[in-house]
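If you read the protein sequences in the order shown, they are chains C and P.
For the first sequence, the numbering used here gives the first residue as 1, with consecutive numbering after it.
For the second sequence, the numbering used here gives the first residue as 315, with consecutive numbering after it.
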Amino acid sequence: MNKNYFKILRAGINTTFQDGGRKNLYHIGIPFSGAMDNRNYLLANKLVGNKLESPVIEFAYQGPLLEYLGEKINIAITGDVNFIIKRNNSKIDGVCYQTFEIESGDKLDIISTNKSVYGYLSISGEFDLKYQWSSCSTNTKANIGANEGKKLNVDQKINLLKINKNLNSKKLNYVNTRIENIRIIKGTNFDYFSKKGKDLFFEKEFTISKLSDRMGMRLQGSKIENIVNTNIKSEGLIKGAIQVPADGNPIIMLSDHGTIGGYPKIGVVISADYDKLVQLTPGTKIKFEEIELSSAESLYKLYELETQNLISQI
Amino acid sequence: MIKNISNLGDAALYCDFGNEVNQSTNTEVIKYFKSIQKKNIEGINNLTPSYNKLIISFDLKMTNFKVIKKIVENLNIDSHDELKSKKIEVPVCTHESFALDISRLEEKLKINRVKIYENIFKKEFFCYMTGFIAGMPFLGDLDINMRVNRLDTPRVKVPKGSVGLTEQFANIYTFESPGGWNVIGNSPLKIFDSFNEKDPNLINPGDIVTFKEISKDQHQNFNE
Chain C
1 MNKNYFKILR
11 AGINTTFQDG
21 GRKNLYHIGI
31 PFSGAMDNRN
41 YLLANKLVGN
51 KLESPVIEFA
61 YQGPLLEYLG
71 EKINIAITGD
81 VNFIIKRNNS
91 KIDGVCYQTF
101 EIESGDKLDI
111 ISTNKSVYGY
121 LSISGEFDLK
131 YQWSSCSTNT
141 KANIGANEGK
151 KLNVDQKINL
161 LKINKNLNSK
171 KLNYVNTRIE
181 NIRIIKGTNF
191 DYFSKKGKDL
201 FFEKEFTISK
211 LSDRMGMRLQ
221 GSKIENIVNT
231 NIKSEGLIKG
241 AIQVPADGNP
251 IIMLSDHGTI
261 GGYPKIGVVI
271 SADYDKLVQL
281 TPGTKIKFEE
291 IELSSAESLY
301 KLYELETQNL
311 ISQI
Chain P
315 MIKNISNLGD
325 AALYCDFGNE
335 VNQSTNTEVI
345 KYFKSIQKKN
355 IEGINNLTPS
365 YNKLIISFDL
375 KMTNFKVIKK
385 IVENLNIDSH
395 DELKSKKIEV
405 PVCTHESFAL
415 DISRLEEKLK
425 INRVKIYENI
435 FKKEFFCYMT
445 GFIAGMPFLG
455 DLDINMRVNR
465 LDTPRVKVPK
475 GSVGLTEQFA
485 NIYTFESPGG
495 WNVIGNSPLK
505 IFDSFNEKDP
515 NLINPGDIVT
525 FKEISKDQHQ
535 NFNE
C-alpha cells in the first residue's frame with residue numbers, strides 16, 4: 001500500500017513525467033525526449049532538494065489539478081505559472097521558484113502557464129515510476145517511459161516511492177526572459193534555397209502555428225523557395241534542426257522529434273536558445289539570425305554558466 | 315570512407331559518405347557507426363546512421379565539434395565486422411481504407427494499382443536503416459519506375475502499421491505519427507517492442523524483407 005499519493009482531478013492538456021531524457025538510441029528511432037526547458041527542470045529539482053536529474057511532472061498551458069494524500073511534503077513549480085493551493089476553505093496563492101509545504105487533503109491547482117508553454121512540478125521525494133532505457137521520460141508517440149508512455153489522465157493515482165522528511169524552504173529570485181530573436185547556424189542544405197528564400201528567412205517574421213507540440217514547432221510566414229530539390233535522402237535529425245518541406249513552411253525539430261527526416265535543413269537553432277524557443281506560444285512572431293559556430297559555442301558556455309549560477313543560489 | 319565532415323548546428327557532426335545511395339555505401343556507414351559505438355567516446359551521446367550519412371551528436375557541456383571531428387578523422391575502422399542479417403516476411407493489407415495514397419501514386423507513376431502491388435509483393439527489400447520513429451525500417455530498392463517524392467505537406471497523423479513509399483524506399487510506420495510518405499497499405503505485424511530493451515527492433519539494418527498480401531479479415535484477426 002502506498003500511503004503517499006496524488007489523485008488527478010484534472011489532467012491538464014499535456015502532462016507527462018520527464019527527466020534528463022534518453023541517450024544513444026537515435027539509431028533505433030528513439031529521440032532524447034526529456035524536459036523541454038532544461039533549465040527550469042533542473043531548478044525545480046534543486047528547490048526541493050532532489051538530485052538534479054530526478055523525474056518531475058511537466059505540463060503545458062493548462063496544468064493538472066491534484067489532490068495530495070499523505071505525509072507533509074514540499075513542492076515547487078518553475079516556469080511562468082499561475083497556481084493555487086486549496087486547503088480546507090482557504091486558498092494560498094502560488095509563487096514560482098519557491099517551495100510550498102502541502103499536507104494531506106490539499107489540492108494543488110496548476111491553473112495555467114502565463115505567456116509560455118511549459119512548467120515543472122517537483123516534490124521533495126520520489127515518484128514511483130517505470131524506467132525504460134535508464135529514463136522515465138514519457139514519449140507519448142512511442143509509448144515509452146513512465147505511465148505506460150502516456151499523458152497523465154483524470155482519476156489516476158500518482159504514487160510516491162519515498163518522501164524526504166526534512167523539509168527546507170527554498171526560494172530563488174528569477175524571472176524567465178523571452179527571446180523572439182532565434183539564433184541559428186546555417187544548415188547542411190542551406191544552398192537548396194533561392195537567394196530570395198534565404199533573404200526572406202532572415203528578414204521576415206514567422207508565426208508559431210498551433211500545430212506545435214513536443215515533437216516539432218511548425219511556422220507560418222513567407223514561403224522559403226527551394227531551387228534544388230524539395231527532398232533529400234533521409235538522414236539523421238537533431239533537436240533544433242529546421243526542416244523546410246516543399247510547401248516552404250519551416251518546421252523546427254523539438255525534443256520528441258523523429259530521428260530521421262527527408263526535408264532539406266535550412267538551419268539549426270543554437271543550443272543556448274533552445275530552452276527559450278520551446279517556451280514560445282502559438283501566435284508568437286519570431287525572427288532568425290545567423291551566427292557562427294564559435295559564437296554559438298561561447299553563447300552556450302555563458303548560458304550553462306548562468307544556469308549553474310542559478311542552481312548555486314538555491 | 316567519409317568524404318566530408320561538417321557541423322550540424324553546434325552539437326553534432328555531419329559525416330557525408332558521398333551522394334550514392336546503395337548497399338555498399340550504406341554498409342560503410344554501418345561499419346563506422348558500429349566502430350564508434352563500441353569505442354564509447356566521451357561526450358558522444360547519439361549516433362544516427364542513414365543511407366549515406368552518419369550524424370554524431372555530442373554533449374556541448376563535455377566536448378565540442380573540433381575535438382570530436384579530430385577523433386573521428388583518426389579512427390581505425392574495423393573492416394572485418396560483418397553485418398548480421400535475417401529474412402523477415404511482413405503481411406500487408408492493401409484494402410482501400412488503408413491505401414491512402416494509391417490513387418496519387420497511380421497518377422504520378424502512370425501505372426495502375428494492380429501493377430504497383432505486383433511489383434512490391436515480388437520484391438526482396440534490403441533494410442538500410444531504422445528510425446524517424448522507433449523501429450521504422452527504411453527498405454530499398456524500389457524499381458526506377460516506382461519512385462515518387464514525399465507528399466508536399468506531410469500528414470499530421472499517419473496510422474500505425476501504414477506501409478509507405480518514397481523515392482527508392484518503402485517503410486512501415488511502427489506508430490501513429492506525422493509523416494509524408496505515400497501510404498499503400500497496412501501491416502498488423504509488431505515491428506517495434508519497447509519492452510525488449512536489448513533488441514527492440516524486429517527489422518535491423520542489413521536484414522532482408524519481403525511483403526505478403528493479406529485480406530482485410532486476416533489483418534483484423536492477425537495474431538502474432
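Note that CB positions come from ideal geometry on N, CA and C, so glycine has one too.
All values derive from a computational prediction rather than experimental measurement.
In the DSSP assignment, residue 100/C falls outside any alpha helix (DSSP H) and within the unbroken beta strand (DSSP E) covering 99-102.
Looking at the DSSP output, residue 339/P sits in no beta bridge, so it has no partner there. For the C-beta of residue 367/P, the chain C residues within less than 7 Å are, from N- to C-terminus, 235 and 236. By the criterion of a C-beta distance shorter than 8 Å, residue 187/C is surrounded in its chain by 241, 242, 264, 265, 266, 267 and 268, once the five residues flanking it on both sides are discounted.
Residue 477/P sits in a strand when the DSSP states are folded into three classes.
For residue 304/C, the C-beta contacts it makes with chain P under 9 Å involve 374 and 375, in order along the chain. If you ignore the 5 residues before and after residue 71/C, its C-beta comes within less than 7 Å of the C-beta of 4 and 163, all in its own chain and listed in chain order. With respect to chain C, the C-beta atom of residue 473/P has no partner C-beta closer than 9 Å. In the three-state reduction of the DSSP assignment, residue 188/C falls in the coil class. In the three-state reduction of the DSSP assignment, residue 418/P falls in the helix class, which pools H, G and I. Residue 387/P counts as exposed, since fewer than 16 other C-beta atoms from the protein chains shown sit within 10 angstroms of its C-beta. Inter-residue distance for residue 232/C and residue 262/C is about 5 Å (C-alpha atoms, whole angstroms). Relative to residue 191/C, the option among 228/C, 59/C and 303/C whose CA is nearest is 228/C.
Under the three-state reduction of DSSP, residue 119/C is assigned to strand. For residue 202/C, the enclosing alpha helix (DSSP H) covers residues 195-203. Distance from residue 27/C to residue 445/P at the Cβ level is roughly 7 Å; contact confirmed, criterion being Cβ atoms closer than 8 Å.
Rounded to the nearest angstrom, the gap between the Cα atoms of residue 144/C and residue 421/P is 39 Å. In the DSSP assignment, residue 162/C falls within the unbroken beta strand (DSSP E) covering 157-163. Within the same chain, 19, 20, 21, 22, 33, 34 and 145 come within 8 Å of residue 135/C by CB-CB distance, once the 5 residues on both sides are set aside.
The three-state secondary structure of residue 448/P, taken from DSSP, is coil. Contact between residue 78/C and residue 129/C fails: their C-beta atoms lie close to 19 Å from each other, not under 8 Å. CA-CA distance, residue 425/P to residue 211/C, rounds to 35 Å.
A Cβ-Cβ contact shorter than 9 Å links residue 63/C with residue 111/C. For residue 309/C, the secondary structure class from DSSP, reduced to helix, strand or coil, is helix. Across the structure, residue 521/P and residue 198/C are spaced so that their CA atoms are roughly 41 Å apart. Within the stretch 21-34 of chain C, those residues whose Cβ lies closer than 7 Å to any Cβ of chain P are, in chain order, 23, 24, 26, 27, 28, 29 and 30.
Residue 368/P sits away from residue 374/P, with the two beta carbons spaced by 9 Å or more. In the three-state DSSP reduction, residue 320/P falls in the strand class (E or B). By the Cβ neighbour-count rule, residue 87/C is exposed, with fewer than 16 other Cβ atoms within 10 Å of its own.
Considering only 323/P, 470/P and 461/P, the residue with the shortest C-alpha distance to residue 433/P is 461/P. Contact annotation for residue 431/P against chain C: no contact, minimum CB-CB distance about 24 Å [criterion: below 9 Å]. Taking residue 533/P as the centre and dropping the five residues before and after it, the same chain places the C-beta of 407 and 502 closer than 6 Å to its C-beta, in chain order. Using a Cβ-Cβ cut-off of 9 Å, residue 466/P counts as an interface residue toward chain C, since at least one Cβ of chain C sits closer than that to its own. For residue 32/C, there is no enclosing beta strand (DSSP E), since its DSSP letter is neither H nor E. Residue 99/C places its beta carbon less than 9 Å from that of residue 170/C. The C-beta separation of residue 506/P from residue 514/P comes to about 6 Å, placing the pair in contact by the 8 Å criterion.
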